[in-house]
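Taking it in order: structure first as structure tokens, then the write-up.
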Amino acid sequence: MNRARRRKDFFRTAGTWASAGLSVLVLISVFVFVFSRGISTFSFDMLTDNYWATNYLLDIENGEANDFVPPAATDEEKYFSRKFGFSLVDDIDKENNRLMVVESMSALSPLHEGIIATAGSDQGKTHPVPLGARVRRIDYTNINGEARSAGILGQDSSAAKTIERLEIEAVSINGLFYQTTGGGIRGSIISTLMLIGLTLLFALPLGVSSAIYLHEIAPRNRLTSWIRAAVEMLAGVPSIIFGLMGVSMLFRITSLFGINTQSILLGSMTMTIMLLPLIMRQTEEALIVVPASLRMASLSLGASTTQTIFRVILPNALPGILSATLLSISRIIGESAALIFTMGTAISDNPKISQGATSLAVHIWTVMAGEQPNFELATAISLLILVMVLILNLTVKLLTYRINRKWQV
Amino acid sequence: MKIFRSLIIIILVLSLFVGLAACGENESEETYAPTDAPAETTVALEETDPTAESGLQGEIHVYSRDASSGTRGAFEELADFEEQLTDNAILTESNGDMAAKVGADLLAIGYVSLTTDFAANNIKAVNYEGVEPTEENVLNESYTLARPFNYVTRAAGDFGDADKEALVAAFIAFLTESVEGANAISSAGGIVDVSSKRAWADLQADHPVVSQDNSGIEIVTVGSTSVEKAIRAALETFQPMAGNFNFKMSHAGSGEGPAGTVGEEKDTAKKGDIGFASRAFKDTEEVILGMSTGTFCLDAVVICAESSNPIANLNQSQTAAIFKGEIQNWEDLD
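These protein sequence lines are chains P and C, in that order. Add 4 to a position in the first sequence, counting from 1, and you land on the number used in our numbering. Add 435 to a position in the second sequence, counting from 1, and you land on the number used in our numbering.
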């Protein structure tokens, strides 16, 4: 090897090394970024909590002022009401709103005797105020017998002011309005699962059958290759165009079923059309891998074409179809543009097929689009999505490895 | 050959370090700093005439919001320079983003909502026409950079359900007439005169629908994203007072408010029961068709600058000239 040759080779190799290094670096930095930002917010509670807070309006009977002894270790930040036996602390939520939270309650505090005041099936049931409740308003009666309110909705900006006001003015407390924490993604997880289920229900039979037709049954002529080319082209259409098509055309179909709003059904129908090329392509790949000798053996034993397809070829192509399914699932999890149009951006805690909801990816869009973007929650959801997609992709790799080993390719 | 391989490894390690440094920067707030801000400001400061000691010198960095922002629309309309924003303006993504960027740039001028935490963002409020931006001055109409938050409901009989219609009417009464509603709005930053309101206990009698189980009813709100926080606070407060009805907030911009309730989108996927706009309704928006329409609170737009900037007051013509790019340097402002 001469010098010039060596130098040339060196630069070529170095180019590939550098490119590979850069790609790995970018991937690692994405993971590091999402992990470092999201892991602090990520918790089991986040997965199971509702996004919207539950609001409780309680009547409090026997709320007369008493003389409670503050717990031994009260530090500066906690404000204890001697009259009513509970303490509040200040807090700030992820959207930068001021909160006050119930930190402790004496055993005989009137807060244990809340009664649900909201009209409905639970009205009149006892409902003690839980620790950690976000108190919005405390209704009390002052010395002149007038009804007054304390708390954030009584224009007190802090726990200190609220407690001070109660200690000075209140003769008895009559009611309390508090919220649960909220901010969870349970609803979006459920709607993502519903979306995946419905989409696969529509897309798999359609996609697999068309792939079988194209590969096994259709005559090998110009028309078939045109159809195949059209399917390939469909795969290159940007998802936002599918979204537009969904909201303008498929919306009319869902309207026939009486669904006059953006809905999970509409989202899944749009996703079905988006995923068809992927499923058809992957299934065809799986059919190609099935050795021709199997087909011939089956046909020579007297089986019809249909029997051969459904009894011999399809079972052998199953791992390939499964990996197409898994790839589709990761596409559904990652899709946002088409779903913003077809499923809407309103987060729902109890998603229904006939109503709008957000998938996890659109949930990120919604919390970031407001006046006060919630960056922590967005990265925590990203973390969840990354982990899910990673697991799905590893499973696909495993399946592909097993098929290849089976046919000794 | 070995030498080459070790060379390659060294290059890779170096690029790794550079990359890591870059992604470290990504995670700090620095990424959000505008890259198109002129870099030669310090030079400008040195070169200009040092006689004008009190005033700030250098090029004015104009910050604005993206075109979809209702705050920007209101500000441009109130300061009378609609569609004439200078091309040099640096666009920000949200109210908080604007506050953070202006607070980090001595030569900056921008505008935020009155509810912004001025001290935490290192920004100061600039008086407009000599009037300090405070809630009192907005309510007594002396501070004129204020915009209304408006609502419009669907037309009477167009809700598809009598109970829902009654519930929407009750919510509107709660929102506009009750002390509790006013407190909820004001806790979320809306400017509203609580003293002129009545207790909900007095109003409740006119709305018997609130004392039944409404958990099967869903009220859908559409329209401006700026009102979202105030409306969410009001809906959350009203929910347990009115039989636990459900609500869905699907806000995407002021135009969608009237369109989704009384306009051409009222029977499409974008329909809603109550629509909101963070500006006055236009003549083309037929809000008169709605069962009820009006203003439920005010919001002030405040011109802001970095906290050590000596500027204290701007009038309308100065404001318009700055944002149009006609006044380009701080020393030209008098």
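Note that beta-carbon positions come from the ideal geometry of N, C-alpha and C, so glycine has one too. It should be emphasised that the depicted structure is a prediction, and the values quoted were computed from it without experimental measurement.
Backbone CA spacing between residue i and residue j [nearest angstrom]
| i | j | result |
| --- | --- | --- |
| residue 225 of chain P | residue 218 of chain P | 11 angstroms |
| residue 409 of chain P | residue 366 of chain P | 39 angstroms |
| residue 8 of chain P | residue 15 of chain P | 11 angstroms |
| residue 370 of chain P | residue 654 of chain C | 19 angstroms |
| residue 576 of chain C | residue 241 of chain P | 53 angstroms |
| residue 456 of chain P | residue 278 of chain P | For chain P, the structure presents residues 5 to 413; residue 456 of chain P sits outside this window and is missing. |
| residue 230 of chain P | residue 192 of chain P | 40 angstroms |
| residue 157 of chain P | residue 619 of chain C | 6 angstroms |
| residue 211 of chain P | residue 289 of chain P | 13 angstroms |
| residue 67 of chain P | residue 727 of chain C | 40 angstroms |
| residue 459 of chain C | residue 540 of chain C | Caution applies to residue 459 of chain C, whose pLDDT of 43 falls short of 50 and renders its modelled position unreliable; the value that the coordinates give is listed next. Cα to Cα, residue 459 of chain C sits roughly 22 angstroms from residue 540 of chain C. |
| residue 12 of chain P | residue 18 of chain P | 10 angstroms |
| residue 602 of chain C | residue 103 of chain P | 28 angstroms |
| residue 739 of chain C | residue 687 of chain C | 26 angstroms |
| residue 610 of chain C | residue 683 of chain C | 17 angstroms |
| residue 699 of chain C | residue 642 of chain C | 30 angstroms |
| residue 128 of chain P | residue 181 of chain P | 15 angstroms |
| residue 223 of chain P | residue 344 of chain P | 40 angstroms |
| residue 473 of chain C | residue 662 of chain C | Reliability fails at residue 473 of chain C, whose pLDDT of 45 lies under 50, so the model's placement of it is uncertain and no value is given. |
| residue 251 of chain P | residue 673 of chain C | 33 angstroms |
| residue 334 of chain P | residue 357 of chain P | 20 angstroms |
| residue 93 of chain P | residue 648 of chain C | 34 angstroms |
| residue 675 of chain C | residue 59 of chain P | 6 angstroms |
| residue 208 of chain P | residue 283 of chain P | 7 angstroms |
| residue 316 of chain P | residue 328 of chain P | 19 angstroms |
| residue 487 of chain C | residue 624 of chain C | Residue confidence for residue 487 of chain C is low, a pLDDT of 41 falling below 50, so the modelled location carries little weight; the figure read from the coordinates is stated next. So the two alpha carbons sit approximately 39 angstroms from each other. |
| residue 423 of chain C | residue 124 of chain P | Given that chain C is displayed from residue 436 to residue 769, the structure contains no residue 423 of chain C and the question cannot be resolved. |
DSSP beta-bridge partners of residue i
| i | result |
| --- | --- |
| residue 183 of chain P | P:59 and P:138 |
| residue 642 of chain C | The partner list for residue 642 of chain C (beta bridge, DSSP) is empty, contrary to what the question assumes. |
| residue 347 of chain P | Partner(s): none; residue 347 of chain P has no beta bridge. |
| residue 256 of chain P | According to DSSP, which records beta bridges pairwise, residue 256 of chain P is partnered with nothing at all. |
| residue 566 of chain C | C:563 |
| residue 108 of chain P | P:91 |
| residue 145 of chain P | P:151 and P:176 |
| residue 749 of chain C | C:563 |
| residue 68 of chain P | P:176 |
7 angstroms Cβ shell around residue i - same chain, five flanking residues per side excluded
| i | result |
| --- | --- |
| residue 572 of chain C | 566 and 578 |
| residue 42 of chain P | 383, 384, 386 and 387 |
| residue 628 of chain C | 574 |
| residue 519 of chain C | 759 |
| residue 65 of chain P | 117 and 119 |
| residue 644 of chain C | 598, 601, 602 and 605 |
| residue 255 of chain P | 270 |
| residue 558 of chain C | 534, 537, 538, 739, 740, 741 and 742 |
| residue 720 of chain C | 693 and 698 |
| residue 82 of chain P | 91, 93 and 107 |
Residue span of the alpha helix (DSSP H) that contains residue i, given as start and end
| i | result |
| --- | --- |
| residue 653 of chain C | First-last for residue 653 of chain C: 653 to 658, but that is the beta strand (DSSP E), not the alpha helix (DSSP H). |
| residue 543 of chain C | First-last for residue 543 of chain C: 543 to 548, but that is the beta strand (DSSP E), not the alpha helix (DSSP H). |
| residue 527 of chain C | Here residue 527 of chain C belongs to no alpha helix (DSSP H); instead the beta strand (DSSP E) covers 525 to 527. |
| residue 119 of chain P | That residue, residue 119 of chain P, is in no alpha helix (DSSP H); its beta strand (DSSP E) goes 118 to 120. |
| residue 268 of chain P | 268 to 293 |
| residue 303 of chain P | 296 to 304 |
| residue 212 of chain P | 190 to 216 |
| residue 765 of chain C | Looking at the DSSP string, residue 765 of chain C is not in any alpha helix (DSSP H), and its letter there is neither H nor E. |
| residue 649 of chain C | Taken as a continuous stretch (DSSP letters only), residue 649 of chain C belongs to no alpha helix (DSSP H), as it is neither H nor E. |
| residue 519 of chain C | Careful: residue 519 of chain C lies outside any alpha helix (DSSP H) and carries neither H nor E. |
| residue 356 of chain P | Segment: none, residue 356 of chain P is in no alpha helix (DSSP H) and carries neither H nor E. |
| residue 48 of chain P | 48 to 52 |
| residue 228 of chain P | 226 to 239 |
| residue 330 of chain P | 318 to 338 |
Residue i CB to nearest heavy atom of the ligand MN below 7 angstroms
| i | result |
| --- | --- |
| residue 93 of chain P | In terms of ligand content, the structure shown is empty, and the ligand MN therefore cannot be addressed. |
Start and end residues, beta strand (DSSP E) containing residue i
| i | result |
| --- | --- |
| residue 583 of chain C | 581 to 588 |
| residue 31 of chain P | No beta strand (DSSP E) contains residue 31 of chain P, which is instead part of the alpha helix (DSSP H) from 7 to 42. |
| residue 497 of chain C | 496 to 500 |
| residue 152 of chain P | 151 to 154 |
| residue 85 of chain P | 83 to 85 |
Chain-order list of residues whose beta-carbon lies under 6 angstroms from that of residue i (same chain, five-residue window excluded)
| i | result |
| --- | --- |
| residue 174 of chain P | 144 |
| residue 634 of chain C | 614 |
| residue 608 of chain C | 638 |
Sequence-distant residues of its chain with Cβ nearer than 8 angstroms to residue i (five each side left out)
| i | result |
| --- | --- |
| residue 501 of chain C | 507, 526, 527 and 528 |
Give the list of continuous alpha helix (DSSP H) stretches no shorter than 4 residues that lie fully inside the region 667 to 736 of chain C. Counting only runs of 4 or more residues that sit fully inside the region 667 to 736 of chain C, the alpha helix (DSSP H) segments are 691 to 696, in chain order.
In chain order, each alpha helix (DSSP H) run of at least 4 residues that lies wholly inside the region 359 to 390 of chain P: Runs of the alpha helix (DSSP H) inside the region 359 to 390 of chain P: 364 to 373.
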